[in-house]
Amino acid sequence: MGSGLSEYFQNLDQLKSYGNVPKELINSLLSYNLFIYRAEQQNKFSEPMPWIGIYITLASLFCILSMVADLLHGFRNRKFWFPCKYFTLNAASLTVIAVAIKLPMDLTTLMPGYVDQAAKLGSLSFMCTMMANLLPSLATMSSKELVSNIIALAVLVITLVVNVCIQINTGAISYLEDDDQYFYTSKYARFSQDDMYTSSSGNGIIAATNVGMLLTLLIIYACSSLAILKSKQILESKYQVAHHKALKDKELQQPGILTTEKLKQHVSNYWIMAGTGNPQFMIASSATTSASGAICALSTAYYILLMFFSIRPLPASQSDYKWSLSVILITQFIGIILGTIAPLSRCFAALSFKVSLKWIVNHIKVSNVESYWTQKLDDLKQSSIPSPYSSRKCKFVIQSLKNLFLSICIGFQKTVVVACKIIRVVLIFLLICVVYCLHCGKWLKAMFSTSSINMVQNTEQLGKDKDLSQYVLQLQDDMEFAERTLKGISKSVNSLIQKAEKQQPKNLMKLLTESTGFEGVEKFDSHHAPPLLSEEYLHSWSLPLVTLTTIAMSLPKIQKNIVDCLLSGVSEGLVYVTLVEESFNFTDDHISIQKAAKTLWVEVEVYHKWLGNKLPKYAPKANTVEQILQWLRDIGKNIVSEVESTDIGVPNGNSKCRSVSANSMYRITETILCSYHENIGQVSQEELFAELLSLIADILAACLTNLPQVIAMKCHTSAIEKREASVHAAAQLLGETMQIINTLQVRELPSLNPNDMAFIDKWRSYLKDPFP
Numbered sequence: 051m052g053s054g055l056s057e058y059f060q061n062l063d064q065l066k067s068y069g070n071v072p073k074e075l076i077n078s079l080l081s082y083n084l085f086i087y088r089a090e091q092q093n094k095f096s097e098p099m100p101w102i103g104i105y106i107t108l109a110s111l112f113c114i115l116s117m118v119a120d121l122l123h124g125f126r127n128r129k130f131w132f133p134c135k136y137f138t139l140n141a142a143s144l145t146v147i148a149v150a151i152k153l154p155m156d157l158t159t160l161m162p163g164y165v166d167q168a169a170k171l172g173s174l175s176f177m178c179t180m181m182a183n184l185l186p187s188l189a190t191m192s193s194k195e196l197v198s199n200i201i202a203l204a205v206l207v208i209t210l211v212v213n214v215c216i217q218i219n220t221g222a223i224s225y226l227e228d229d230d231q232y233f234y235t236s237k238y239a240r241f242s243q244d245d246m247y248t249s250s251s252g253n254g255i256i257a258a259t260n261v262g263m264l265l266t267l268l269i270i271y272a273c274s275s276l277a278i279l280k281s282k283q284i285l286e287s288k289y290q291v292a293h294h295k296a297l298k299d300k301e302l303q304q305p306g307i308l309t310t311e312k313l314k315q316h317v318s319n320y321w322i323m324a325g326t327g328n329p330q331f332m333i334a335s336s337a338t339t340s341a342s343g344a345i346c347a348l349s350t351a352y353y354i355l356l357m358f359f360s361i362r363p364l365p366a367s368q369s370d371y372k373w374s375l376s377v378i379l380i381t382q383f384i385g386i387i388l389g390t391i392a393p394l395s396r397c398f399a400a401l402s403f404k405v406s407l408k409w410i411v412n413h414i415k416v417s418n419v420e421s422y423w424t425q426k427l428d429d430l431k432q433s434s435i436p437s438p439y440s441s442r443k444c445k446f447v448i449q450s451l452k453n454l455f456l457s458i459c460i461g462f463q464k465t466v467v468v469a470c471k472i473i474r475v476v477l478i479f480l481l482i483c484v485v486y487c488l489h490c491g492k493w494l495k496a497m498f499s500t501s502s503i504n505m506v507q508n509t510e511q512l513g514k515d516k517d518l519s520q521y522v523l524q525l526q527d528d529m530e531f532a533e534r535t536l537k538g539i540s541k542s543v544n545s546l547i548q549k550a551e552k553q554q555p556k557n558l559m560k561l562l563t564e565s566t567g568f569e570g571v572e573k574f575d576s577h578h579a580p581p582l583l584s585e586e587y588l589h590s591w592s593l594p595l596v597t598l599t600t601i602a603m604s605l606p607k608i609q610k611n612i613v614d615c616l617l618s619g620v621s622e623g624l625v626y627v628t629l630v631e632e633s634f635n636f637t638d639d640h641i642s643i644q645k646a647a648k649t650l651w652v653e654v655e656v657y658h659k660w661l662g663n664k665l666p667k668y669a670p671k672a673n674t675v676e677q678i679l680q681w682l683r684d685i686g687k688n689i690v691s692e693v694e695s696t697d698i699g700v701p702n703g704n705s706k707c708r709s710v711s712a713n714s715m716y717r718i719t720e721t722i723l724c725s726y727h728e729n730i731g732q733v734s735q736e737e738l739f740a741e742l743l744s745l746i747a748d749i750l751a752a753c754l755t756n757l758p759q760v761i762a763m764k765c766h767t768s769a770i771e772k773r774e775a776s777v778h779a780a781a782q783l784l785g786e787t788m789q790i791i792n793t794l795q796v797r798e799l800p801s802l803n804p805n806d807m808a809f810i811d812k813w814r815s816y817l818k819d820p821f822p
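And the structure:
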């Protein structure tokens with residue numbers, strides 16, 4: 051029994067002791083014990099509420115940090131339309147958002163304080179901000195993902211709207227603690243009943259306004275999603291045309307002819323295609339995104355005014371959330387302010403195109419709404435619905451109702467698009483006014499003299515007389531990219547390449563100086579070494595490098611700093627070797643060998659072990675070159691025999707990796723032993739290390755001659771959502787390996803078929819018999 055209820059019973063007992071207290075009064079007071087008990091239980095049940103408030107704060111903080119990460123990513127890459135990279139619409143983000151907006155979802159918890167109501171209304175503005183930030187992420191989704199995520203978002207928003215409407219109707223969202231004063235006594239009330247009504251209805255009006263904004267944003271999401279799929283198809287068809295133009299350059303297919311300058315131009319071409327054909331940029335520069343940014347800015351301004359006039363100074367919370375309400379309020383207020391930057395910037399993404407008065411007039415006509423906005427609905431209108439009825443009249447009625455409904459939807463879609471376009475035009479004129487106010491009339495005049503407005507500030511020369519316009523992908527033929535936009539895009543790739551040049555692998559380049567040719571590709575493994583594996587043995591680029599490096603590390607008389615330098619060079623080289631192998635070697639056998647090399651290299655580099663065995667350098671029983679080689683050879687032979695005897699039938703992945711790695715060690719050590727014949731005892735560790743260094747350098751050099759083709763291949767990918775990231779990786783790779791490519795291009799390459807250059811076995815066959 052709670053202390054309050056016990057005290058209440060004690061007071062009643064004391065009243066009973068007085069003889070002059072009527073029994074009816076005592077019985078009447080006893081009837082309140084149930085209410086007191088329930089109140090005490092409610093207080094007990096509400097004790098965890100502050101921690102729930104912290105949970106809401108953490109969810110809000112997660113959303114804020116994701117939005118800030120997108121901001122930083124946009125600033126860093128000079129993409130002031132701020133693509134959604136971290137904060138995207140998916141199941142995880144929707145779950146976190148649902149937690150972050152719990153306050154307006156709460157129908158029963160009494161929140162009578164000013165800070166309580168401000169926090170609840172702030173969550174509505176926070177939801178508007180998050181929806182405006184998430185809009186470009188729709189372009190990254192497939193058809194099924196788009197439908198499922200839009201439906202999930204609609205369910206969440208509609209549930210939120212319904213809950214807020216219920217609270218507006220019941221008065222829960224407008225109930226304040228000051229309203230209680232009126233019911234204590236009208237004589238001592240702090241304000242009149244009319245004042246109380248005004249105070250109570252004010253929050254309701256604010257909540258209703260936010261509800262309207264949320265529903266408008268949801269409509270914008272639905273309209274944008276209808277246009278996305280058709281828009282991506284248009285961009286895809288234009289990309290394929292530009293891609294075929296880029297492939298007409300036959301020099302891309304000729305190893306050794308593709309210089310770094312030609313690679314730069316090739317990467318720039320695809321960078322233009324990826325940048326202008328980015329689905330997120332397409333959505334970010336659309337009218338619906340401009341409208342969502344305007345709604346987000348309006349919601350933020352509305353909420354700032356609310357905070358300014360209602361929460362000075364910040365009072366304590368009067369709800370069960372207690373002190374956590376203030377934390378939620380401050381966190382989400384910061385999130386609203388920071389989250390408005392990206393949507394507001396996207397309002398002016400259309401300024402990347404050439405804008406003229408004629409374009410503006412045609413832009414806002416209903417008859418000029420682009421077909422991709424309504425194409426999906428038109429396709430549905432022209433399609434037939436399977437009817438369970440065989441009657442012709444029933445089919446006619448169903449088809450007519452469907453067409454009528456879709457016609458209404460098409461009309462509504464056009465109306466929404468035109469309204470969004472009008473908002474965008476208004477924003478453009480507002481920007482012009484702001485520019486004039488900032489005394490930038492000359493700059494603005496120069497911009498309009500070319501009929502263009504652009505937010506990119508760079509005006510450097512674009513390429514040497516190279517017309518990049520043929521690689522520009524634009525959704526609408528009447529909207530051309532401004533020249534400054536193309537220059538800015540081109541400069542960004544040049545800047546990326548120059549930045550990557552400062553990150554060139556110095557240890558790898560030092561290692562490549564040990565190579566004077568490609569003879570090591572054929573010398574490292576004798577064709578006469580007896581086979582151990584029951585199946586045909588394939589070579590790869592990476593596994594011989596790991597094996598040869600392991601042997602070099604096993605020489606105890608080699609200085610540690612020299613060995614460490616070799617390890618660093620091979621480690622840097624394997625990064626690019628892996629790219630070559632992953633780009634060209636797609637068979638299961640090649641993939642299993644690459645996997646074995648990756649697993650083995652981690653063990654060798656980090657733990658200085660080889661298949662679980664300490665290297666001879668750390669096991670002093672083997673000191674001479676012959677002993678070390680024989681020890682490694684025997685270990686490899688024993689492992690192969692063990693795996694072959696135990697794995698009858700189809701071996702598992704781990705045993706196959708072990709057998710392939712062990713077989714490589716056996717063949718290479720046997721080759722080295724045979725190459726020296728009886729003179730093996732006279733070979734010093736320094737001489738063997740120098741020979742191993744030369745073999746490693748030759749293999750690396752031969753493999754890395756394929757880097758130009760890898761860069762060219764990385765520029766193109768079939769997935770439209772991944773193209774920009776793929777071209778970015780190609781530009782980064784070009785910058786890092788530019789010196790390597792220039793160094794290797796002065797060498798005379800073998801007369802191999804270009805398609806065979808990426809395979810070490812083809813190299814070995816040619817070097818063994820160059821004139822078959």
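Going from the sequence shown to this note's numbering is simple: count from 1 and add 50.
For glycine and all other residues, C-beta sits at the position ideal for the given N, C-alpha and C.
All figures in this text were calculated on a predicted structure; none of them were measured in a lab.
Beta-carbon gap between residue i and residue j smaller than 8 Å
i, j, result
"L196", "L203", "no"
"K314", "L784", "yes"
"A337", "F132", "no"
"T754", "L794", "Looking at the sequence itself, residue 754 is Leu, so the reference to Thr does not match. Closer than 8 Å, so yes."
"L356", "V165", "no"
"I823", "A344", "Nothing about residue 823 can be reported from this structure: the residues present for the chain run from 51 to 822 only."
"Q553", "E786", "yes"
"Y179", "G325", "For the sequence presented, residue 179 should be read as Thr rather than Tyr. The answer is no: Cβ separation not under 8 Å."
"N663", "I678", "no"
"A37", "C470", "Since the displayed the chain opens at 51 and closes at 822, residue 37 lies outside it and no answer follows."
"N253", "Q167", "yes"
"V447", "C273", "no"
"V830", "V796", "With the chain covering 51 to 822 only, the question about residue 830 has no answer from this structure."
"S175", "I151", "no"
"E551", "M788", "yes"
"S275", "I201", "no"
"T600", "V652", "no"
"Q520", "A292", "yes"
"G385", "C113", "yes"
"H766", "Y422", "no"
"S705", "V690", "no"
"R814", "E572", "yes"
"N688", "C615", "no"
Cut-off 8 Å between Cβ atoms - residues of its own chain near residue i, not counting five sequence neighbours on either side
i, result
"L265", "V207 and V211"
"S499", "At S499, the pLDDT of 44 sits below 50, so the modelled position is not reliable and the matter cannot be decided from this model."
"C138", "This sequence places Thr at residue 138; Cys is not what is there. Result list for T138: L184, S187 and T190, in chain order."
"F809", "F634 and N635"
"V630", "W591, C753, L754, N756, L757, V760 and A808"
Beta bridge counterpart(s) of residue i as assigned by DSSP
i, result
"F531", "F403"
"W651", "In the DSSP output, where bridge partners are listed per residue, W651 has none listed."
"W660", "N663"
Sequence-distant residues of the same chain with beta carbon closer than 7 Å to residue i, five excluded per side
i, result
"Y234", "Caution is warranted here: a pLDDT of 45 is assigned to Y234, below 50, making its placement in the model unreliable, and no coordinate value can be reported."
"L512", "In this prediction, L512 has a pLDDT of 39, which is less than 50 and means its spatial position is unreliable; what the coordinates show is noted afterwards. Result list for L512: L518, L536, K537 and S540, in chain order."
Spatial neighbours of residue i in its chain, beta-carbon cut-off 6 Å, leaving aside the 5 residues before and after
i, result
"V849", "For residue 849 there is no data in the structure shown, the boundaries of the chain being 51 and 822."
"T107", "V377, I378 and T381"
"G327", "L285, Y289 and L523"
Self-check item: Cβ contact check for the region 707-725 and the region 531-550: 3 or more pairs under 8 Å
Solution: Taking 8 Å as the limit for Cβ pairs, the verdict is that the region 531-550 does not touch the region 707-725.
Quiz item: Could you give the uninterrupted runs of the alpha helix (DSSP H) lying entirely in the region 153-213, keeping only those of 4 residues or more?
Solution: Every alpha helix (DSSP H) stretch that sits fully inside the region 153-213 and reaches 4 residues is listed by chain position as 164-184.
Quiz item: Looking at C-beta atoms only, is the number of pairs between the region 324-332 and the region 274-289 that lie closer than 8 Å three or more?
Solution: Yes: the two stretches touch, three or more of their Cβ pairs being nearer than 8 Å.
Quiz item: Any chance the region 586-595 sits against the region 633-652, with 3 or more Cβ pairs inside 8 Å?
Solution: In the pairwise beta carbon analysis, the region 586-595 is classified as touching the region 633-652: at least three pairs are separated by under 8 Å.
Quiz item: With a cut-off of 8 Å, do at least 3 Cβ pairs link the region 704-714 to the region 728-736?
Solution: Output reads no: the region 728-736 does not touch the region 704-714.
Exercise. Please specify which runs of the alpha helix (DSSP H), each continuous and at least 4 residues long, are wholly inside the region 603-636, giving them in chain order.
Key: Whole alpha helix (DSSP H) segments, 4+ residues: 610-634.
Quiz item: If we count Cβ pairs, one from each stretch, closer than 8 Å, do we get three or more for the region 603-622 versus the region 765-781?
Solution: Proximity of the region 603-622 to the region 765-781 falls short of the contact definition, fewer than three beta-carbon pairs being nearer than 8 Å.
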